[in-house]
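The numbering of the sequence shown is the working numbering, which starts it at -17 and goes up by one.
Ideal placement from N, C-alpha and C gives every residue a C-beta, glycine not left out.
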Amino acid sequence: MRVRNWAVAGFVVFMLASIMYAQFGRRGRGDEEDVPIPADANEATEFVFTRLRYPSYRGGSGMWGVRGSWSTDYPSADRHFMQGVRRLTRLHVRSLENVVDLDGDEIFNYPFIYGVEVGHWDLTDAQCKKLREYLLRGGFLMVDDFHGSFEWEVFLASLSRVFPDRPVLDLDSKDHIFHVLYDIDQKVQVPGMVMFYTGRTYEQDGVDPKWAGVVDDKGRVMVGICHNMDLGDSWEHADLPRYPEKYTSLGYRIGINYIIYSMTH
C-alpha cells in the first residue's frame, strides 16, 4: 500500500509539473502576467522597451526550464518603468512590454535590450554570435539583478564567448553614460525586495555594487553591466510605500540614462 501511495504522489507531481510547463513553457513565469493590456498597446512609438529571453543555466545543461530566469519581475517591472520614462522624458514610449530572443533576427529591430538575472544565463554558440553581431552593429544590452561571485562567473562564461577579444571595464563616474540626461556622480547600491527579509542591501557575497561595461573600438558602451544590485525591483515597486524612494529614484535615473545613451551613441 505504501508503494502505491508513493506512486500516486509521484504521478500527481508529474501532472502538476506538466500543467505548469504547458501554461508557462519557454515564456517563463514572470509576475502579474494577467495585468490588463493598455488601451494604446499597439501604438507606433519611437522606443519599445525590450527584454531579452535566454536559456537558463541548469548545471551546464542550458535548458530553458519552467520558470526561466529571464522573466523575473516580468512584466510588472517593465510596465512600471515605461510609465516612468513617459513621465520623466520626452521619449515617445510604447506602454506594452516586449520580449525577443537570439534565435532569430527580430532583435535587430530594437536599439536597447534588457537582460535580467544574467547570472543564470547559458547562451549557445549561435546565440553568442548573434548577440555579438547585434552589439557591434550598434545595439545596446543592459544587464541587471545578478549577485555575488558565483553569478558573476556564470555571466562571464557566456559573455566571454560573445566578446573573447574585449575586456569588461569598470565604468567611471565621469563616463558620459552617467550624464547623458541625469548626472549620477554617486553610485549607491540599489537593493531588491530581499532587503526586507535579510536586513541587507546586498545578496549572497555581492557586497559592493559594480557598474561595468564592454566598449567598442570607438569607446561606445555596448554592454552596461549593473552587478550586485536590482534596478528591476526599484522600477517595479516604485508605488510601494515600503520601498525607499531614494532607491526608486536612482533606479529610474540609471535606466533612463542607459536608454537615452543607447539611442544617441
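Which residues in the same chain have their Cβ closer than 6 angstroms to the Cβ of V98, if we skip the five residues on either side of it in sequence?
T54, D126, D127, G214
Mark Y179 as exposed unless 16 or more other C-beta atoms lie within 10 angstroms of its C-beta, in which case mark it buried.
exposed
Which residues mark the beginning and the end of the alpha helix (DSSP H) in which Y229 is found?
227 to 246
From I238, A220, E79, residue whose alpha carbon lies closest to that of P57:
E79
Any heavy atom of the ligand GTP closer than 8 angstroms to the CB of D152?
As for the ligand GTP, it is missing from this structure, which has no ligand bound.
Cβ neighbour criterion (16 or more within 10 Å) applied to G7:
Only weak support exists for where G7 lies, its pLDDT of 34 falling under 50; the value from the coordinates is given anyway. Its Cβ having fewer than 16 others within 10 Å, G7 is exposed.
A23 classed as buried or exposed, judged by whether at least 16 other C-beta atoms fall within 10 angstroms
exposed
Return the residue from the list L117, L34, A108, H102 that minimises the CA-CA distance to M245.
L117
Give the DSSP-derived three-state secondary structure of M175 in the structure shown.
coil
C-alpha gap between G206 and S77, whole angstroms
23 angstroms
Looking at F94: is its Cβ nearer than 9 angstroms to the Cβ of Y240?
yes
Bridge partners of I95, per DSSP?
L123
Have a look at the DSSP bridge pairing and note the partners of I207.
V125, A194
Taking the straight line between their C-alpha atoms, what separation do you get for K112 and F145?
11 angstroms
Alpha carbon to alpha carbon, how far is Y36 from R11? Give it in angstroms, no decimals.
With a pLDDT of 43 at R11, under the threshold of 50, the predicted position of this residue should be treated as unreliable, though the coordinate-derived value follows. Roughly 13 angstroms between the two C-alpha positions.
For the region 185 to 201 against the region 146 to 165, do three or more pairs of beta-carbon atoms, one drawn from each stretch, fall closer than 8 angstroms, so that the two count as touching?
yes
Name, in chain order, the residues that DSSP records as bridge partners for L151.
G195
Suppose you measure from the CA of F132 to the CA of L163; what does that come to, to the nearest Å?
33 angstroms
With a cut-off of 8 angstroms on the beta carbons, I'd call R291 and H247 a contact; round off their distance for me.
The structure shown does not extend to residue 291, since the chain is modelled only from -17 to 247, so the question has no answer here.
Thinking just about the alpha-carbon of each residue, which of K200, M175, N210 is nearest to the one in D190?
N210
With DSSP as the reference, label R69 as helix, strand or coil.
helix
Per-residue DSSP class, three states only, for L34:
strand
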